[in-house]
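S.K.:
Structure (structure tokens):
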């Protein structure tokens with residue numbers, strides 16, 4: 001197990017809700033704030049961290065406010081034609097072609113960047129630290145939400161799906177590897193707790209071709225809420241700074257409206273200021 005330094009940054013996913021942490025990270029870039037020894041991202045959180053580590057402010061804001069709103073990305077009717085509701089292949093191809101990602105900057109930063117993924121064959125979490133060349137495909141794997149993107153992503157002979165299935169907020173893993181001062185960027189208000197799923201039979205039916213994912217998908221809420229309990233009740237030698245949107249934050253996972261997304265990004269910029277103050281005051 002790779003041990004890390006004492007200071008960690010963890011970024012939750014949440015699809016379009018991730019624009020909040022995108023704003024926070026863009027403010028961190030503006031302030032040249034990066035006092036962390038390791039980075040942990042899941043799903044949209046992993047993509048936001050990649051842009052942060054590549055020092056590309058505004059990159060992911062454009063993805064949320066432009067590419068993510070195009071009909072090529074999310075189209076429920078695609079499933080009838082044998083496609084996926086969420087077209088990650090199109091998204092990755094076009095954004096890498098038109099926006100790129102600064103591989104030289106990424107390569108120069110030797111701090112470990114863990115991307116949370118879930119194995120399709122057994123539903124277990126893994127925390128990958130890919131090479132710069134494999135980063136984009138690993139980011140896609142971390143965002144490959146079952147049902148919405150059905151095939152998963154194959155990396156080195158193993159197929160992976162969205163990291164949020166097995167471990168949406170990898171605080172416990174960061175602590176296990178040595179992190180003692182941790183900042184967690186959330187995409188939900190602090191009071192939020194995930195409810196049990198209600199369409200269990202339908203979920204099981206839709207996942208019949210990947211049966212190892214059925215139980216993890218039906219019990220996601222348990223692990224998610226356990227992570228929140230750990231954030232609220234860390235071990236005596238661990239300090240956790242949680243940065244959340246306010247209680248009235250109601251952005252939907254697959255929001256298609258640009259104005260709420262812009263407001264969420266601006267909110268993230270403002271919360272980034274407070275996040276820096278809280279970190280530096282401890």
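Numbering (the UniProt record's numbering), first residue to last: 1 to 282.
Ideal placement from N, C-alpha and C gives every residue a C-beta, glycine not left out.
As the structure is a computational prediction, the values presented were derived from the model and not from experiment.
Considering residue 8, what are the terminal residues of the beta strand (DSSP E) in which it resides?
M.R.: Run containing residue 8: 7 to 11, per the beta strand (DSSP E) assignment.
S.K.: Could you name each continuous alpha helix (DSSP H) segment of 4 residues or more that falls completely within the stretch 84 to 133, going from the start of the chain to the end?
M.R.: 88 to 98, 103 to 108, all fully within the stretch 84 to 133.
S.K.: In chain order, what residues of the same chain lie with their CB nearer than 7 Å to the CB of residue 260, ignoring the 5 residues before and after it?
M.R.: Taken in chain order, the residues that qualify are 251.
S.K.: What residues are listed by DSSP as bridge partners for residue 47?
M.R.: For residue 47, which the question treats as bridged, DSSP gives no partner whatsoever.
S.K.: In this structure, how does DSSP classify residue 256 when only helix, strand and coil are distinguished?
M.R.: The answer is coil: DSSP assigns residue 256 none of H, G, I, E or B.
S.K.: Find the nearest neighbour of residue 158 within the set 26, 126, 143, 131, judged by alpha-carbon distance.
M.R.: Taking only the C-alpha atoms, the option nearest residue 158 is 126.
S.K.: Are residue 162 and residue 118 close, meaning C-beta to C-beta below 9 Å?
M.R.: Yes.
S.K.: Let's see if you can read the secondary structure: which residues bound the alpha helix (DSSP H) around residue 249?
M.R.: That residue, residue 249, is in no alpha helix (DSSP H); it is neither H nor E in DSSP.
S.K.: Using 9 Å as the threshold, is the C-beta distance between residue 175 and residue 238 below it?
M.R.: A contact, by the Cβ cut-off of 9 Å.
S.K.: Answer yes if the stretch 217 to 234 comes into contact with the stretch 168 to 186, meaning at least three C-beta pairs across the two stretches below 8 Å, and no otherwise.
M.R.: A contact exists between the stretch 168 to 186 and the stretch 217 to 234.
S.K.: Whole angstroms are fine: how far does the CA of residue 91 sit from the CA of residue 133?
M.R.: Cα to Cα, the separation comes out at about 18 Å.
S.K.: So, is residue 246 buried or exposed, given that buried needs 16 or more other C-beta atoms within 10 angstroms?
M.R.: Label assigned to residue 246: exposed.
S.K.: Three or more C-beta pairs closer than 8 Å, one from the stretch 30 to 45 and one from the stretch 166 to 174: is that the case here?
M.R.: Counting Cβ pairs under 8 Å, three or more are found: they touch.
S.K.: Find out if the Cβ-Cβ distance for the pair residue 20, residue 267 is shorter than 9 Å.
M.R.: The answer is yes: Cβ separation under 9 Å.
S.K.: Are residue 96 and residue 54 touching if we call contact CB-CB under 9 Å?
M.R.: For residue 96 and residue 54, no; Cβs fall outside 9 Å.
S.K.: Below 8 Å on the Cβ atoms is my contact criterion, and I expect residue 120 with residue 152 to pass it. Report the Cβ-Cβ distance as a whole number of Å.
M.R.: Sure, about 5 Å apart at Cβ, within 8 Å.
S.K.: Just to confirm before moving on: does the CB-CB distance between residue 5 and residue 37 stay below 9 Å?
M.R.: In this structure, residue 37 lies closer than 9 Å to residue 5 by Cβ.
S.K.: Mark residue 198 as exposed unless 16 or more other C-beta atoms lie within 10 angstroms of its C-beta, in which case mark it buried.
M.R.: Result: exposed.
S.K.: Based on the DSSP output, what are the partners of residue 39 in its beta bridges?
M.R.: BP columns for residue 39 point to 9, 113.
S.K.: According to the Cβ coordinates, are residue 240 and residue 279 closer than 9 Å?
M.R.: The answer is no: Cβ separation not under 9 Å.
S.K.: Check for me: the beta strand (DSSP E) holding residue 242 runs from which residue to which?
M.R.: Start and end: 239 to 243.
S.K.: For residue 139, count neighbouring C-beta atoms within 10 Å of its own C-beta (all shown protein chains included) and say buried if the count is 16 or more, exposed if not.
M.R.: Residue 139 is buried by the Cβ-count criterion.
S.K.: How is the beta strand (DSSP E) around residue 162 delimited, first residue to last?
M.R.: That run of the beta strand (DSSP E) goes 158 to 162.
S.K.: Looking at residue 225 and residue 193, is the spacing between their C-beta atoms short of 9 Å?
M.R.: It is a contact, given that the beta carbons lie within the stated cut-off.
S.K.: Per DSSP, what are the beta-bridge partners of residue 154 in this structure?
M.R.: Paired residue(s): 159.
S.K.: Are residue 1 and residue 177 closer than 9 Å when you measure CB to CB?
M.R.: Yes.
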